[in-house]
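Numbering (this note's numbering), first residue to last: -18 to 120.
Ideal placement from N, C-alpha and C gives every residue a C-beta, glycine not left out.
Following: one structure in C-alpha cells, then a few remarks.
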Amino acid sequence: MFAPRGELSFREALSRCHMNNVPLCLMYGKEDPWVKPIWGLQVKKQVPEAPYYEISPAGHCPHDEVPEVVNYLLRGWIKSLESQGSVSLPLLDDADGIEDDIAKDLEFIREGSKITVRVRFLGSSFSFWNRIISQIKSQ
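Below is the structure:
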C-alpha cells in the first residue's frame, strides 16, 4: 500500500528486455489465484519468441511447489540458449515444434511418492483464440 512505485512499469521493462535481446522464459502456475494465466498470455503476445510454460497443479510459486519441474524447464531452456537452438526446448522433440501448443505430463518422485504434473507449452504461433479453443477441448 505504501511501497514506492518502480521507475519502470512492467510493460516498459518488458519492452526494454525485448529491445536489448534479453532472453525470456515464461512460467506460470495454472492455479495461481493472483497472477492469472491470462496475464502471462498477455506477456506472451508482447514477446512471442519467448517460450511459455503453464504448470498444473501449481499456484503463485511453482518454483516452491514443484521445484523439480521448474528446474527441469529452466535447465533445458538454458541449454537451448547456450546451444543457440541446436538443443530443443523442454517438452519439444525437435526445433520444429517451437510454433506448437503442446501439453505433456511430467513425473517425478518426491519422498517416495510419484507426482504427476501437466505442463503446457505455447509456441510462437500462439493465438488467443486458439488458446480458448484448446482450453474448451481439454475440459
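Cβ-Cβ distance between residue i and residue j below 8 Å
i: Trp58; j: Pro71; result: yes
i: Leu7; j: Tyr34; result: yes
i: Leu87; j: Tyr53; result: yes
Sequence-distant residues of the same chain with beta carbon closer than 8 Å to residue i, five excluded per side
i: Lys60; result: Val68
i: Lys25; result: Leu7, Ala31, Tyr33, Leu103, Phe107
i: Pro14; result: Gly40, His41
i: Leu121; result: Here the chain covers residues -18 to 120 and nothing more, so residue 121 does not appear.
i: Gln27; result: Arg(-8), Leu(-5), Ser(-4), His(-1)
Alpha-carbon to alpha-carbon, residue j and residue i
i: Arg91; j: Ser64; result: 31 Å
i: Gln23; j: Cys(-2); result: 15 Å
i: Asp74; j: Val51; result: 19 Å
i: Gly93; j: Met0; result: 46 Å
i: Pro(-15); j: Val16; result: 21 Å
i: Gly(-13); j: Asn2; result: 22 Å
i: Asp82; j: Leu62; result: 20 Å
Other residues of its chain near residue i: CB distance less than 7 Å, five sequence neighbours each side excluded
i: Glu12; result: Ser37, Pro38, Ala39, Gly40
i: Lys85; result: Leu72, Val100
Beta-carbon proximity list for residue i, same chain, < 6 Å, skipping 5 on both sides
i: Tyr9; result: Pro18, Gly21, Glu35
i: Phe89; result: Glu49, Ile96
i: Leu55; result: none
task = Report yes or no: do three or more beta-carbon pairs, one from the region 32 to 51 and one from the region 92 to 105, lie closer than 8 Å?
result = Between the region 32 to 51 and the region 92 to 105 there are three or more C-beta pairs closer than 8 Å, enough to call the two in contact.
query = Which runs of the beta strand (DSSP E) fall wholly inside the region 10 to 40 and span at least 3 residues, in chain order?
reply = DSSP runs (the beta strand (DSSP E)) wholly in the region 10 to 40: 33 to 37.
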